[in-house]
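Student:
Numbering (the numbering used here), first residue to last: 659 to 972.
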């Protein structure tokens, strides 16, 4: 990205940042789900990239199309020698509410077999990644945020998982990795109970690095970026790769859950959560389990009746 001309502020001081510029180029001009921008830090000469989820009317919900666009943006940022930091943000009032439930009913099957998970992009990124979080940060957005190298939250941020509540299980390194972020007990609490946590609670448990007033969020993220840009970019890349090796250790441990994952959405229980969410009703998981238990018992009774030895004819 070409250097911006040094300008002065209204107070006569030299400006620290150039303007945000929407990135153009092959494969980068047709984004619908995201907004991809870069900005130069005029004092250091380095730049930052920002990938903003851009569906505020749907709370920035994720689909495979979102991940495809994010891949292209991350690829470009990682291959731009002048970019030192990547920001992941959400347009509108919320960082995001997870996967699009309507899309997930079929799309997660495709995503599983052809996937490049959004949090995997963060793991593979050579550049440090900062999550800039305001409002709801739920489900897929929550584990995207805690997989980032840094997470900076506004004081109105709310974090949590939703999978078991809507019959949408998760598998992958990002599930056990949360134990390293907040500890084993809190990780299970967050994933299994689907509780929500306010920003200060998230800070106390180590889920975020810092919390600032909403109107100071962007400026705080830029301060962290400026601090990182003062350091050797190559050294930061080596350090990030060293830290990220920890995530790689979880890949083999997820083999069992990965084998269970695709078929889940063909099961009645796997369909019930999403259907209930879209119908705005409470899911009836245990009614389905009761019917399953009755069917199993009926099958067992039939098998035992058929397998019973016949009395020999006299």
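Where is the CB? At the ideal position from N, CA and C, for every residue including glycine. It should be emphasised that the depicted structure is a prediction, and the values quoted were computed from it without experimental measurement.
Between residue 805 and residue 832, which are expected to be in contact by the criterion C-beta below 8 Å, what is the C-beta distance as a whole number of angstroms?
Tutor: The pair is a contact, with the Cβ atoms about 6 Å apart (cut-off 8 Å).
Student: Can the beta-carbon of residue 691 be found less than 7 Å from the beta-carbon of residue 724?
Tutor: Yes, the Cβ-Cβ distance between residue 691 and residue 724 is below 7 Å.
Student: Spell out the partners DSSP gives residue 962 in its beta bridges.
Tutor: Answer is none; residue 962 lacks a bridge partner.
Student: Locate the alpha helix (DSSP H) running through residue 838, then write down its first and last residues.
Tutor: Note, residue 838: alpha helix (DSSP H), 832-840.
Student: Considering only residues of the same chain and omitting the five flanking positions on each side of residue 867, which have a CB-CB separation below 7 Å?
Tutor: 808, 809, 810, listed in sequence order.
Student: So, are the CB atoms of residue 975 and residue 816 less than 7 Å apart?
Tutor: The question about residue 975 has no answer, for the chain in this structure spans 659 to 972.
Student: From 717, 711, 844, pick the residue whose C-alpha is nearest to that of residue 731; which is it?
Tutor: The shortest Cα separation from residue 731 among 717, 711, 844 belongs to 711.
Student: From residue 864 to residue 900, what does the alpha carbon distance come to, in whole angstroms?
Tutor: Cα to Cα, residue 864 sits roughly 20 Å from residue 900.
Student: Starting from residue 793, follow the beta strand (DSSP E) in both directions and report where the run begins and ends.
Tutor: Per DSSP, residue 793 belongs to no beta strand (DSSP E) and is neither H nor E.
Student: Throw me the rounded Cβ distance for the residue 887 and residue 743 pair, which I believe falls under 8 Å.
Tutor: Yes, residue 887 and residue 743 are in contact; Cβ-Cβ is about 7 Å, under 8 Å.
Student: Going by Cα to Cα distance, which pick from 938, 959, 930, 958 is closest to residue 945?
Tutor: Closest by alpha carbon: 930.
Student: For residue 754 and residue 729, I'd like the C-alpha separation in whole angstroms.
Tutor: Looking at the two C-alpha atoms, the distance is approximately 18 Å.
Student: Do residue 819 and residue 845 have their C-beta atoms within less than 7 Å of each other?
Tutor: Taking 7 Å as the Cβ cut-off, residue 819 and residue 845 do not qualify as a contacting pair.
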